[in-house]
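Undergrad:
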Amino acid sequence: MDALNVILLGFFIGIVGTGSGGALTFLYRNPSNRFLSTIMGFAGGLMLSVVTFDLLPHAFEVHSYMTGLFGMIVGVLIVIIFDDLVSTSGHKKNDYLKEGIIMGLAIAVHNFPEGLAVGSGFMASKAFGISIALVIVLHDVPEGIAMATPLSLGGVTPLKNMIYAILAGIPTGIGTIAGVYMGEISPFFISLNLGIAGGAMLYVICGEMIPQSRDLYKGRISVIGMIAGVIGGIIITELL
Numbered sequence: 001m002d003a004l005n006v007i008l009l010g011f012f013i014g015i016v017g018t019g020s021g022g023a024l025t026f027l028y029r030n031p032s033n034r035f036l037s038t039i040m041g042f043a044g045g046l047m048l049s050v051v052t053f054d055l056l057p058h059a060f061e062v063h064s065y066m067t068g069l070f071g072m073i074v075g076v077l078i079v080i081i082f083d084d085l086v087s088t089s090g091h092k093k094n095d096y097l098k099e100g101i102i103m104g105l106a107i108a109v110h111n112f113p114e115g116l117a118v119g120s121g122f123m124a125s126k127a128f129g130i131s132i133a134l135v136i137v138l139h140d141v142p143e144g145i146a147m148a149t150p151l152s153l154g155g156v157t158p159l160k161n162m163i164y165a166i167l168a169g170i171p172t173g174i175g176t177i178a179g180v181y182m183g184e185i186s187p188f189f190i191s192l193n194l195g196i197a198g199g200a201m202l203y204v205i206c207g208e209m210i211p212q213s214r215d216l217y218k219g220r221i222s223v224i225g226m227i228a229g230v231i232g233g234i235i236i237t238e239l240l
């Protein structure tokens, strides 16, 4: 695929993935914690599988082990810094509107390295880029739901919810632009970008998605969802 098509795809998966999650508030305004826990666990397992078995191995192979590892560390540090910037303390538990806004900002920040992974992935190979894009669009749906649910409970209309979710997905396309044009410079930048994206996504998966899925519902359903996601990620990796 040429650079323009990859960039358009990056915007498409970000907008459609996150926007679809926001659009689900047209169907129901208050999804159960059991449902949210299941899809959050599934999305976390799916991403964990693809990052571990596909994205990071590519980062190590394209240039060098040290380049990919350095990128991972940088990616983790970037997300930690942005998480500290968008988080607030002392807000009321029932302040759904504020919770939704904070979640939306966090999702927008996290979507940039996902776009970076898409752009760099296609620079490595078409099949690899497609597998990363497919996983990210599936992962963005529960993120859109996680953002839209508190906004909905705070009185935001379903139409506005969908618009806000779409806006949160735009950084995926911006990250894709960075991944494509940096990846065209040299294999070093492909490896570095994949490492950054992998580190950032691992932090989000292990530090937020999996713990959130467990907090939402205390039963085994989140674990089952996560295992199903890991299996799904392995299948996607092998098929593509």
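Residue numbers (UniProt numbering): 1 to 240. Cβ atoms here follow ideal geometry from the backbone N, Cα and C, with glycine treated the same way.
1) Does DSSP put T157 in a helix, in a strand, or in coil?
2) Under the rule that 16 or more other beta-carbon atoms within 10 Å means buried, what is M66, buried or exposed?
3) Just to confirm my understanding: we take S191, look at its own chain, exclude 5 residues before and 5 after, and list those with CB closer than 6 angstroms. What are they?
4) Going along the chain, which residues of its own chain have a beta-carbon closer than 6 angstroms to the beta-carbon of F42, five neighbours each way excluded?
5) Which residues bound the alpha helix (DSSP H) around R214?
6) Could you say if the stretch 161-174 and the stretch 132-146 meet the contact criterion of at least three C-beta pairs nearer than 8 angstroms?
7) As a quick exercise: from A197, R214, I174, pick the residue whose alpha carbon is nearest that of L4.
8) Out of T176, Y203, V180, I80, which one is the CA nearest neighbour of G10?
9) R34 lies in the alpha helix (DSSP H); which residues open and close that run?
10) Let me confirm a value: S20 is counted as buried when at least 16 other C-beta atoms fall within 10 Å, else exposed. Which label applies?
11) Measuring only the C-alpha atoms, how far is V180 from T237?
12) Tell me the DSSP secondary structure of G22 in three-state form.
13) Would you grab the beta carbon distance between I221 and T38 for me? Rounded to a whole angstrom, and I think it's under 8 angstroms.
14) By a C-beta neighbour count over all protein chains shown, 10 Å radius and 16 as the cutoff for buried, is T157 buried or exposed?
15) Using only CA atoms, which one of G71, K160, I7, G17 lies nearest to I107?
16) Going by the beta-carbon positions, is the gap between E114 and M40 smaller than 8 angstroms?
TA: Working from what's here:
1) The count along the sequence shown starts at 1 and reaches residue 157 at position 157. In the three-state DSSP reduction, T157 falls in the coil class, being neither helix nor strand.
2) To locate residue 66, count along the sequence shown from 1; it is residue 66. The C-beta of M66 has fewer than 16 other C-beta atoms within 10 Å across all chains shown, which makes the residue exposed.
3) On the sequence shown, position 191 is the one that residue 191 refers to. Cβ within range, chain order: A59, V62, H63, T67, G68.
4) On the sequence shown, residue 42 is found 42 positions in, with the first residue counted as 1. The beta carbon of F42 is closer than 6 angstroms to those of G225, A228, G229 in its chain, skipping five residues each way along the sequence.
5) Within the sequence shown, residue 214 is the residue found at index 214, counting from 1. Taken as a continuous stretch (DSSP letters only), the alpha helix (DSSP H) holding R214 covers 210-216.
6) Counting Cβ pairs under 8 angstroms, three or more are found: they touch.
7) Residue 4 sits at position 4 when you count from the first residue of the sequence shown. Nearest option by C-alpha distance: I174.
8) In the sequence shown, the residue the question calls residue 10 occupies position 10. Here the closest residue by C-alpha is T176.
9) One-based indexing of the sequence shown puts residue 34 at position 34. Counting along the chain, the alpha helix (DSSP H) containing R34 begins and ends at 33-50.
10) For the purposes of this step, residue 20 is taken as residue 20 along the sequence shown, with counting starting at 1. The residue in question, S20, is buried, as its Cβ has 16 or more Cβ neighbours within 10 Å.
11) Counting from 1 along the sequence shown, the entry for residue 180 is found at position 180. Counting from 1 along the sequence shown, the entry for residue 237 is found at position 237. Computed Cα separation, rounded: 21 angstroms.
12) Here the question's residue 22 lines up with position 22 in the sequence shown. Note: G22 maps to helix in three-state DSSP.
13) For the purposes of this step, residue 221 is taken as the residue at position 221 of the sequence shown. For the purposes of this step, residue 38 is taken as the residue at position 38 of the sequence shown. About 5 angstroms separates the two Cβ atoms, so the contact holds.
14) Looking up residue 157 in the sequence shown gives position 157. T157 is exposed by the Cβ-count criterion.
15) In the sequence shown, the residue the question calls residue 107 occupies position 107. Nearest C-alpha to I107: G17.
16) Counting from one through the sequence shown, the residue named residue 114 turns up at place 114. Counting from one through the sequence shown, the residue named residue 40 turns up at place 40. In terms of Cβ geometry, E114 and M40 do not form a close pair [threshold 8 angstroms].
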